[in-house]
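A.B. asks: Dropping a structure here in structure tokens format, bear with me for questions.
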Amino acid sequence: ESKFNVEAIRKVFPVLNQEINGYPLIYFDNAATSQKPQQVTDVLLRYYHTDNANIHRGIHTLAERATSAFEETREAVKDFIHAAEVEEIIFTKGTTEGINLVAQTFGKANLIEGDEVIISTMEHHSNIVPWQMICNEKGAKLKILPITNEGELIWETAEQLITSKTKIVALVFASNSLGSINPVQKIIELAHNAGAKVLLDAAQAAAHLEIDVQKLDCDFLVFSGHKIYGPTGVGVLYGKRALLEAMPPYQGGGEMIQEVTFEKTTYNELPYKFEAGTPNIADVIALQAAIHFINKIGKEVIAKHEHRLMVRATEGLKRIPEIKLIGTTKNKIGIVSFLIEGMHHLDVGIVLDAKGIAIRTGHHCTQPLMNFLKIEGTCRASFAVYNTEQEVDFFLESVARIVARRK
Ligand code: PMP
7 ESKFNVEAIR KVFPVLNQEI NGYPLIYFDN AATSQKPQQV TDVLLRYYHT DNANIHRGIH
67 TLAERATSAF EETREAVKDF IHAAEVEEII FTKGTTEGIN LVAQTFGKAN LIEGDEVIIS
127 TMEHHSNIVP WQMICNEKGA KLKILPITNE GELIWETAEQ LITSKTKIVA LVFASNSLGS
187 INPVQKIIEL AHNAGAKVLL DAAQAAAHLE IDVQKLDCDF LVFSGHKIYG PTGVGVLYGK
247 RALLEAMPPY QGGGEMIQEV TFEKTTYNEL PYKFEAGTPN IADVIALQAA IHFINKIGKE
307 VIAKHEHRLM VRATEGLKRI PEIKLIGTTK NKIGIVSFLI EGMHHLDVGI VLDAKGIAIR
367 TGHHCTQPLM NFLKIEGTCR ASFAVYNTEQ EVDFFLESVA RIVARRK
């Protein structure tokens with residue numbers, strides 16, 4: 007049983023309190039972005055109404071307030087992922103920017119012709135394209151860890167593929183399309199034994215799985231604020247200090263410098279070296295409220311609740327013979343991908359929206375995965391802390407009705 011009261015939680019998400027097409031909104035598109043609790047939007051408003059100032063440079067009171075709230079968030083993020091030092095926490099725009107940053111700095115400095123970068127079949131486009139770009143530039147090779155038809159990494163092939171040629175393994179922690187949780191700890195050990203670094207795309211994992219970067223011993227980890235009940239436009243790059251120190255800067259500009267002359271610039275220390283320009287101050291500060299929101303309930307409690315919903319949805323869909331579940335039903339986060347026989351996934355999404363149910367349809371920015379599975383896309387329901395069993399039941403009834411009417 008959950009230690010929390012889902013009805014009380016729903017009350018702090020004003021967006022949930024509305025009807026769509028005459029039905030109560032059922033928001034099952036949480037893997038795309040989660041809704042925001044009042045605590046988060048209150049902070050945004052309060053910041054702009056009382057504390058707004060640029061950070062780090064000013065000595066006036068507002069600047070000090072803004073700076074300390076901004077840096078407090080860095081502390082909160084450090085604790086959230088159990089990093090050793092705040093200097094290892096870099097604020098970005100999101101997961102995508104974090105991966106581009108590593109590809110364009112670590113990749114640029116370290117990749118040479120003939121090197122290999124390893125990703126998997128189930129990567130989001132944001133963990134494919136940045137590596138393709140830098141590999142093309144450097145004459146390095148992009149290699150793909152294969153998966154089974156159920157969406158699980160094939161371990162034996164991983165052992166063969168990761169070699170002394172491998173410079174970096176960039177792997178999704180939990181798949182946004184299928185929900186599969188990858189054996190990241192084992193992959194990290196394997197990669198380190200081969201002398202390679204590992205970047206984890208924790209975009210989906212961050213809200214649902216306990217993350218301890220020191221225990222994992224990953225070299226880089228990235229995630230987005232907007233998928234963990236925080237605002238859009240802010241994300242996190244974690245990197246081990248020694249690696250970040252050795253990497254060239256990403257963008258040039260204010261804040262990332264120590265001293266500038268027309269002849270030469272020296273760069274600022276970590277983490278500022280990677281934070282050129284005025285950052286997304288308000289959203290970073292509000293991210294702290296999102297982290298507190300999660301911590302207060304407890305990630306484990308949230309994960310258990312979502313797991314229960316996922317199992318209920320999966321079992322319900324399994325009872326409908328015309329439904330094809332896509333991906334594993336085992337070790338996964340609260341994501342259910344499916345197709346209805348003889349029906350386009352887009353049409354399913356449209357009919358469910360008419361009932362107030364928001365799911366995601368399409369390739370979920372994982373076209374190579376869809377190609378591998380020989381499908382165009384899926385219908386994806388993804389769960390969050392505020393979803394309920396009644397919602398899952400109404401969703402199942404609605405799907406059953408679609409199937410029945412389709413005949
Ligand atoms: N990786 C995964 C696994 C994701 O689910 C997402 C978002 N759908 C991203 C990367 C990209 O995140 P963002 O768009 O916030 O940069």
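Note that the UniProt record's numbering has the sequence shown beginning at 7, numbered continuously upward.
Ideal Cβ positions, reconstructed from N, Cα and C, are used throughout, including at glycine.
None of the values given here were measured: they were computed from a predicted structure.
If you run the structure through DSSP and keep just helix, strand and coil, what is I339?
C.D. replies: Position 333 of the sequence shown, counting from 1, holds the residue named residue 339. I339: coil per DSSP, three-state reduction.
A.B. asks: How would you label E7, buried or exposed, when you count the other beta carbons within 10 angstroms and need 16 or more for buried?
C.D. replies: Stepping through the sequence shown from its first residue, residue 7 is reached at position 1. Confidence at E7 is low in this model, with a pLDDT of 46, below 50, so the placement of that residue is unreliable and no value is reported for it.
A.B. asks: What residues are listed by DSSP as bridge partners for E265?
C.D. replies: Your numbering for residue 265 matches position 259 in the sequence shown. Looking at the DSSP assignment, E265 forms a beta bridge with T272.
A.B. asks: Regarding T101 and the ligand PMP, is the C-beta to nearest heavy atom distance less than 8 Å?
C.D. replies: To locate residue 101, count along the sequence shown from 1; it is residue 95. True, at least one ligand heavy atom lies under 8 Å from that Cβ.
A.B. asks: Can you give me the C-alpha to C-alpha distance between G348 and R247, rounded to a whole angstrom?
C.D. replies: Mapped onto the sequence shown, residue 348 falls at position 342. Mapped onto the sequence shown, residue 247 falls at position 241. Approximately 52 Å between the Cα atoms of the pair.
A.B. asks: Taking 8 Å as the line, does the beta carbon of H130 fall inside it for any heavy atom of the ligand PMP?
C.D. replies: Looking up residue 130 in the sequence shown gives position 124. Checking every heavy atom of the ligand PMP against the Cβ of H130, one is found closer than 8 Å.
A.B. asks: Kindly indicate the opening and closing residues of the beta strand (DSSP E) around T172.
C.D. replies: Along the sequence shown, one-based indexing puts residue 172 at 166. 172–178 is the extent of the beta strand (DSSP E) around T172.
A.B. asks: Using 8 Å as the cut-off, classify the Cβ of D35 as near or not near the heavy atoms of the ligand MG, replying yes or no.
C.D. replies: With respect to small molecules bound, the structure shown includes the ligand PMP and not the ligand MG.
A.B. asks: Please list the terminal residues of the continuous alpha helix (DSSP H) segment that includes F389.
C.D. replies: Along the sequence shown, read from residue 1 onward, the residue named residue 389 stands at position 383. First-last for F389: undefined, no H or E at that position.
A.B. asks: Can you look up A364 in the DSSP assignment and give me helix, strand or coil?
C.D. replies: Looking up residue 364 in the sequence shown gives position 358. Residue state, collapsed to three classes: strand.
A.B. asks: Which same chain residues, not among the five before or five after G362, have their C-beta less than 8 Å away from its C-beta?
C.D. replies: The residue given as residue 362 occupies position 356 in the sequence shown. Around G362: E25, I26, N27, G28, Y29, P30, L31, I32.
A.B. asks: Which term fits R80, buried or exposed, when burial requires 16 or more other beta carbons within 10 angstroms of its beta carbon?
C.D. replies: Within the sequence shown, numbered from 1, the residue matching residue 80 stands at position 74. Burial call: buried.
A.B. asks: Check whether the Cβ atoms of L227 and L205 lie closer than 9 Å to each other.
C.D. replies: Counting from one through the sequence shown, the residue named residue 227 turns up at place 221. Counting from one through the sequence shown, the residue named residue 205 turns up at place 199. Their beta carbons are under 9 Å apart, which means L227 touches L205 by this criterion.
A.B. asks: Whole-angstrom Cβ separation of A211 and I217, contact assumed at under 8 Å?
C.D. replies: Position 205 of the sequence shown holds residue 211. Position 211 of the sequence shown holds residue 217. About 6 Å separates the two Cβ atoms, so the contact holds.
A.B. asks: Considering only heavy atoms of the ligand PMP, does any lie closer than 8 Å to the CB of K246?
C.D. replies: Translated into the one-based positions of the sequence shown, residue 246 becomes position 240. Checking every heavy atom of the ligand PMP against the Cβ of K246, none is found closer than 8 Å.
A.B. asks: Where DSSP assigns a beta bridge to V305, which residues make up the other side?
C.D. replies: Here residue 305 is taken as the residue at index 299 of the sequence shown, counted from 1. Note that residue 305 is Lys in the sequence shown here, rather than Val. DSSP, once it has assigned bridges, lists no residue as partnering K305.
A.B. asks: Please name the residue, chosen from A69, T67, F112, that lies closest to Y256 on a Cα-to-Cα basis.
C.D. replies: Here residue 256 is taken as the residue at index 250 of the sequence shown, counted from 1. Out of A69, T67, F112, F112 has the C-alpha closest to the C-alpha of Y256.
A.B. asks: Please report the distance separating the alpha-carbon of S126 from that of T172.
C.D. replies: For the purposes of this step, residue 126 is identified with residue 120 of the sequence shown, where counting begins at 1. For the purposes of this step, residue 172 is identified with residue 166 of the sequence shown, where counting begins at 1. Roughly 14 Å between the two C-alpha positions.
A.B. asks: Classify R411: buried if its beta carbon has 16 or more other beta carbons within 10 angstroms, exposed otherwise.
C.D. replies: As a working note, residue 411 is residue 405 in the sequence shown. When all chains shown are included, R411 counts as exposed.
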